[in-house]
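**Q** There's a structure below that I have some questions on.
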Amino acid sequence: MKALRVICDEGFGARRNIALTAAMAELHGEGRTPDTLRVYRYPRAVLLGRNQDVAAEIDRAECNARGIEIARRITGGGAIYMDRGVITWDLLISRRDAGGMHVLGGRVCGALAAALSRSGIAARFRAENDIVVGSRKLAGASGYSNGETLVYQGSLLVAPDLKAMAAALKLPSVADHVTSLAAGISPMPRESDVMALIISAIADALDRVPEQSGLIKEELNLEAALFGREYGRDDFIFSGEAKVAA
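The structure is reproduced here in structure tokens:
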């Protein structure tokens with residue numbers, strides 16, 4: 579079986595995490611890095627969709643008061659809340675090997691739902707990109723393409739601050755719509771075990787052998803350049819629309 583480079587880290591700030599994903603996608607698209615799975619976390623942050631309006635989607639004053647960083651994603655869709663109680667993954671894989679975004683999403687989310695179910699939580703895959711317990715979301719994913727590279731990103735709610743999530747996203751309540759591992763499994767698994775479950779499930783779904791690795795200098799250098807030029811800039815975040823290609 580082919581190898582899958584795996585990177586586990588504590589993550590950077592929200593804007594740097596997004597810049598790093600963009601850098602990794604660019605280098606993978608140029609054939610300079612192999613297929614890669616990065617598993618990591620965010621600090622408290624709200625990630626806007628690519629073309630969302632800040633004022634319409636989030637409570638900026640509440641974010642400032644709670645120390646919640648505001649960033650803008652590469653992908654479209656709605657605003658999402660992140661904190662240290664959420665484990666995130668970025669999968670970068672060639673379109674040829676993935677079989678297309680729809681196929682990739684079904685394989686990855688289906689495998690992860692099955693692995694979570696075996697661990698004791700009644701998780702199931704809900705097309706196209708959600709993992710749910712009953713009707714409440716436990717994990718969600720989305721993807722985009724960069725040439726022949728597919729970038730498939732997801733997040734698993736382990737033990738997030740739901741009050742901060744509701745306040746930042748201007749929602750009256752989120753408890754009816756989302757759940758977490760902390761709400762469904764007792765005792766809670768260790769963070770390292772949850773990361774290992776994600777890695778194993780995704781590698782198995784792709785028929786790959788996971789190989790632990792680290793970020794290379796070229797990825798970090800390009801991340802720094804993209805952060806300074808675009809993803810870290812307030813005018814990019816708060817302009818109301820992102821300047822990245824679809």
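Numbering (this note's numbering), first residue to last: 579 to 824.
Backbone N, C-alpha and C fix where the C-beta goes; we use that ideal spot for every residue, glycine too.
Please name the residue in D637, I658, E706 whose C-alpha comes closest to that of S733.
**A** Minimum Cα distance to S733 is reached at I658.
**Q** From what residue to what residue does the beta strand (DSSP E) around I763 run?
**A** Taken as a continuous stretch (DSSP letters only), I763 belongs to no beta strand (DSSP E), as it is neither H nor E.
**Q** Taking the Cβ atom as the reference point for each residue, do M703 and G725 lie within a distance shorter than 7 Å?
**A** Before going further, note that residue 703 is Phe rather than Met in the sequence given. Taking 7 Å as the Cβ cut-off, F703 and G725 do not qualify as a contacting pair.
**Q** For R714, which residues in the same chain have their Cβ closer than 7 Å to its Cβ, ignoring the five residues on either side in sequence?
**A** Contacts found: H755, V756, T757.
**Q** If you draw a straight line from the C-alpha of V617 to the C-alpha of W667, how long is it?
**A** Approximately 4 Å, taken between the alpha carbons.
**Q** Is F814 closer than 7 Å to E808 when the C-beta atoms are compared?
**A** Their beta carbons are under 7 Å apart, which means E808 touches F814 by this criterion.
**Q** Going by Cα to Cα distance, which pick from I780, G607, E588, D675 is closest to A692?
**A** That would be I780, whose Cα lies nearest to the Cα of A692.
**Q** Identify whether K741 lies in helix, strand or coil by the three-state DSSP scheme.
**A** Here K741 sits in helix by DSSP.
**Q** Answer with buried or exposed for R610, where buried requires no fewer than 16 other C-beta atoms within 10 angstroms of its C-beta.
**A** R610 should be labelled exposed.
**Q** Can you check whether the CB of G663 is closer than 7 Å to the CB of P738?
**A** Cβ distance < 7 Å, so P738 and G663 count as in contact.
**Q** Does the stretch 648-655 touch the stretch 618-635, meaning 3 or more C-beta pairs lie closer than 8 Å?
**A** As far as the Cβ criterion goes, the stretch 618-635 touches the stretch 648-655, which means the pair count is three or higher.
**Q** The beta strand (DSSP E) with G721 in it runs from where to where?
**A** Its beta strand (DSSP E) spans residues 714-724.
**Q** Taking buried to mean at least 16 other C-beta atoms within 10 Å of its own C-beta, is S770 buried or exposed?
**A** Classification of S770: exposed, given that the 10 Å Cβ count is below 16.
**Q** Using three-state DSSP, classify T653 as helix, strand or coil.
**A** Coil.
**Q** Short of 7 Å in beta carbon distance, which residues of its chain neighbour E640, apart from the five on each side in sequence? Order them along the chain.
**A** Once the five neighbours on either side are set aside, the close Cβ partners of E640 are A745, A746.
**Q** Please state if the CB of I763 and the CB of I665 are separated by a distance shorter than 7 Å.
**A** Against a cut-off of 7 Å, the Cβ pair of I763 and I665 comes out as no contact.
**Q** Within its chain, find whatever has a CB closer than 7 Å to the CB of D785; leave out the 5 residues flanking it on each side and keep chain order.
**A** Cβ within range, chain order: M579.
**Q** Quick check on the DSSP output: the beta strand (DSSP E) that includes T599 runs from which residue to which?
**A** First-last for T599: 592-607, but that is the alpha helix (DSSP H), not the beta strand (DSSP E).
**Q** Which residue from A774, V752, K748 puts its Cα closest to that of L740?
**A** Out of A774, V752, K748, V752 has the C-alpha closest to the C-alpha of L740.
**Q** Quick check on D587: buried or exposed, where buried means 16 or more other Cβ atoms within 10 Å of its Cβ?
**A** It is exposed - the Cβ of D587 has fewer than 16 other Cβ atoms within 10 Å.
**Q** Quick one: complete beta strand (DSSP E) runs, 3+ long, within the stretch 631-705?
**A** Counting only runs of 3 or more, we get 647-650, 658-660, 664-672, 701-704.
**Q** Excluding five sequence neighbours on each side, which residues of the same chain lie with their C-beta closer than 6 Å to the C-beta of A592?
**A** Y620, A623, E647, A649.
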